[in-house]
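Asker: Structure in structure tokens, see below.
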Amino acid sequence: MPTPSPADLTRAHLHGSADVMRRTAEGAAEDLARAALLVTDAFRTGGKLLLCGNGGSAAECQHLAAEFVNLLDRKRERPGLAAIALTADGAVLSATANDRGYAEVFARQVEALGRPGDVLLALSTSGSSANIVQALATARARNLVTILFAGEMGGTALAHADLVIRVPSQDTQQIQEAHLALGHALVGIVERELFS
Numbered sequence: 079m080p081t082p083s084p085a086d087l088t089r090a091h092l093h094g095s096a097d098v099m100r101r102t103a104e105g106a107a108e109d110l111a112r113a114a115l116l117v118t119d120a121f122r123t124g125g126k127l128l129l130c131g132n133g134g135s136a137a138e139c140q141h142l143a144a145e146f147v148n149l150l151d152r153k154r155e156r157p158g159l160a161a162i163a164l165t166a167d168g169a170v171l172s173a174t175a176n177d178r179g180y181a182e183v184f185a186r187q188v189e190a191l192g193r194p195g196d197v198l199l200a201l202s203t204s205g206s207s208a209n210i211v212q213a214l215a216t217a218r219a220r221n222l223v224t225i226l227f228a229g230e231m232g233g234t235a236l237a238h239a240d241l242v243i244r245v246p247s248q249d250t251q252q253i254q255e256a257h258l259a260l261g262h263a264l265v266g267i268v269e270r271e272l273f274s
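Below, the structure is given as structure tokens:
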């Protein structure tokens with residue numbers, strides 16, 4: 079059997095991702111719309127959006143927070159929206175990890191920053207990272223709305239999320255790609271709802 083060329087590998091990756099995106103669109107559209115309305119309601123009532131995730135999901139949290147604070151649709155000028163990536167403050171993350179353990183790095187920030195009516199959006203390909211589970215549990219105990227973007231398996235974090243949006247894949251790359259697309263859709267709907 080011949081070794082696939084780089085072009086063959088590229089096509090295979092993109093076709094696989096496109097299939098996951100198509101299945102995500104079919105299975106997650108209604109729940110994403112619900113998530114957007116929950117976030118919209120939080121902003122309307124003076125609340126904020128907190129985001130957390132690990133690795134690539136941490137970077138996606140920062141990306142999405144930037145879209146909320148700045149803007150997504152450059153044709154629609156609007157005020158900034160209160161979104162905070164709990165993944166971005168290296169001093170807080172390292173101090174908490176050192177003093178309390180890595181499982182507490184997001185939960186401690188939820189405790190400090192979260193208020194009833196705020197929303198916590200957690201991104202996790204496995205749904206089982208201890209720090210994501212702890213963050214969602216802390217948020218729920220403090221009366222925040224909890225939303226989880228997960229992969230096909232869902233993981234132990236499911237038990238602590240008010241709304242779960244699953245990507246029908248077990249491939250980390252494909253899940254992260256779909257999470258970013260879902261995040262962009264989330265921002266776009268919120269912008270339209272608040273500033274149409």
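Each number in our numbering corresponds to the 1-based position in the sequence shown with 78 added.
Every residue, glycine too, gets a C-beta built ideally from N, C-alpha and C.
Predicted model only: the values in this text are computed from it and were never measured.
1. Count the other C-beta atoms from every protein chain shown that fall within 10 angstroms of the C-beta of residue 148, then say buried if there are 16 or more, exposed otherwise.
2. Quick one: give me the first and last residue of the beta strand (DSSP E) that residue 228 is part of.
3. Apply the 10 Å Cβ neighbour rule to residue 155 and answer buried if 16 or more other Cβ atoms are within range, or exposed otherwise.
4. What first and last residue would you give for the beta strand (DSSP E) that runs through residue 197?
5. Please report how far the alpha carbon of residue 285 lies from the alpha carbon of residue 162, in whole angstroms.
6. Please state whether the Cβ-Cβ distance between residue 225 and residue 197 is less than 8 Å.
7. With a CB to CB cut of under 7 Å and the five nearest residues on each side skipped, what residues in its chain are close to residue 112?
8. If I follow the unbroken alpha helix (DSSP H) through residue 87, where does it start and stop?
9. Tell me whether residue 166 sits in a helix, a strand or coil according to DSSP, three-state version.
10. Tell me whether residue 229 is buried or exposed, calling it buried when 16 or more other Cβ atoms sit within 10 Å of its Cβ.
11. State buried or exposed for residue 227, treating a residue as buried only when at least 16 other CB atoms are found within 10 Å of its CB.
12. Ends of the alpha helix (DSSP H) at residue 270?
13. Under 7 Å from any heavy atom of the ligand ATP, does the C-beta of residue 129 make it?
14. What distance in whole Å lies between the Cβ atoms of residue 200 and residue 235, which are believed to be in contact at a cut-off of 8 Å?
Answerer: Short version:
1. exposed
2. 223-228 is the extent of the beta strand (DSSP E) around residue 228.
3. exposed
4. Residue 197 -> beta strand (DSSP E) spans 197-201.
5. No answer is possible for residue 285: it lies beyond the span of the chain, which begins at 79 and ends at 274.
6. yes
7. 241
8. 84-122
9. coil
10. buried
11. buried
12. Looking at the DSSP string, the run of the alpha helix (DSSP H) that includes residue 270 is 250-273.
13. In the structure shown, the ligand ATP is absent, as is every other ligand, since no ligand is present at all.
14. 7 Å
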